[in-house]
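Enquirer:
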Amino acid sequence: MAARPSTSTITATSRRHSMQNKTIVTLTGPSCGGKTTLEGLLKAEGFVNIISTTTRPPREGEVDGQHYHFVDKTQFKRMREQGAFIESVEFGGHFYGASVKAVERATADGSPVVLVCEPEGMKQISAYSDLHRWHHLAVYVDNPAGVLAERFLKRAGVDIAEQMISNDPTAAARVVKSYARRLAEMLSTEQTWAQAIFTKDIDLLLPTFDADNQDTAVRTILERLATQLKAAA
């Protein structure tokens with residue numbers, strides 16, 4: 001099997017390209033599909049992630065400036081009006097966005113960026129990239145419905161169990177409500193994503209992503225990105 005292209009090779013190609021050294025890979029797909037895990041694997045390959053801004057309250061264990069930049073809706077709307085975001089969406093009653101400055105800082109040395117976002121955010125990034133001659137690779141990370149359901153239930157079970165042994169008697173109830181809202185979003189919104197965005201908006205579909213094919217998924221992304229950068233150079 002041929003060696004997969006390294007991120008240093010991709011970065012060097014990006015630097016030679018006429019797009020101001022900005023290369024961004026977006027990961028979108030249903031909850032529990034594996035986007036965050038794949039993001040971590042790409043970071044291990046030298047990709048840089050962007051800390052998004054959101055108006056939703058921090059979840060248990062989340063730290064401002066590390067997991068998200070937490071702001072109120074007034075601040076967010078002001079930033080959006082000022083053109084501060086490359087993408088901004090409303091999901092579950094809260095706003096999310098990735099700032100232009102964060103991407104520009106991350107790509108200053110030619111490093112590629114990886115960003116987890118919703119399908120609408122991915123479309124906005126694609127349009128922004130076309131306008132500003134950035135290179136964008138849109139990846140949809142999916143899994144069979146049974147796998148998604150199993151992962152969701154396991155994650156919810158662990159979080160609920162942890163809160164039940166805490167000193168806060170209301171913590172478990174809050175976690176249950178949080179997961180109930182997320183399940184409602186999965187059933188009402190996420191089921192339509194694949195049909196709504198295929199196929200013109202996606203550069204690469206990963207129909208399954210698990211421990212058995214993680215290395216293959218990373219290889220596929222790097223190879224596709226290297227091919228597109230070479231073609232655009």
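Residue numbers (full-length UniProt numbering): 1 to 233.
Backbone N, C-alpha and C fix where the C-beta goes; we use that ideal spot for every residue, glycine too.
Return the residue from the list Gln-75, Leu-41, Gly-46 and Ala-172 that minimises the CA-CA distance to Arg-56.
Expert: Gln-75
Enquirer: Does DSSP put residue 289 in a helix, in a strand, or in coil?
Expert: Because the chain here runs from 1 to 233, residue 289 falls outside it and cannot be looked at.
Enquirer: Counting pairs of Cβ atoms below 8 Å between the region 121–129 and the region 217–225, do you hit three or more?
Expert: no
Enquirer: Looking at C-alpha atoms only, which residue of Ala-211, Ala-156 and Asp-203 is the closest neighbour of Arg-224?
Expert: Of the candidates Ala-211, Ala-156 and Asp-203, the one whose C-alpha sits nearest the C-alpha of Arg-224 is Asp-203.
Enquirer: Indicate the three-state DSSP secondary structure (helix, strand or coil) for Ala-233 in the structure shown.
Expert: In the structure shown, Ala-233 falls within a coil segment according to DSSP collapsed to helix, strand and coil.
Enquirer: Leaving out five residues on either side along the sequence, give the residues of the same chain with a beta carbon under 7 Å from the beta carbon of Val-176.
Expert: Ile-160
Enquirer: In this structure, how does DSSP classify Phe-85 when only helix, strand and coil are distinguished?
Expert: Here DSSP, grouped into helix, strand and coil, assigns Phe-85 to strand.
Enquirer: By Cβ distance below 7 Å, which residues in the same chain neighbour Glu-39 in space, the five residues on each side in sequence not counted?
Expert: Excluding sequence positions up to five before and after Glu-39, its CB lies within less than 7 Å of the CB of Leu-27, Asn-49, Val-114 and Val-116, all in the same chain and listed in chain order.
Enquirer: For my contact list, His-135 and Thr-23 are in at a C-beta cut-off of 8 Å; report their separation, rounded to the angstrom.
Expert: About 4 Å separates the Cβ atoms of His-135 and Thr-23, confirming a contact at the 8 Å cut-off.
Enquirer: Name the residue from Glu-185, Thr-170, Ser-178 and Val-141 whose alpha carbon lies nearest to the alpha carbon of Gln-214.
Expert: Val-141
Enquirer: Using a Cβ distance threshold of 8 Å, determine whether the region 95–106 contacts the region 77–86, with at least three qualifying pairs required.
Expert: Counting C-beta pairs closer than 8 Å gives three or more between the region 95–106 and the region 77–86, which meets the contact rule.
Enquirer: Can you check which of these residues, Gly-157, Ser-178, Ala-156 and Glu-118, is closest to Val-139 by C-alpha distance?
Expert: Glu-118
Enquirer: What span of residues does the beta strand (DSSP E) with Val-71 cover, start to end?
Expert: Where Val-71 is concerned, there is no enclosing beta strand (DSSP E), given that its DSSP letter is neither H nor E.
Enquirer: So for Val-113, helix, strand or coil by DSSP?
Expert: strand
Enquirer: To the nearest angstrom, how far is the alpha carbon of Lys-230 from that of Lys-35?
Expert: Their backbone Cα atoms lie some 26 Å apart in a straight line.
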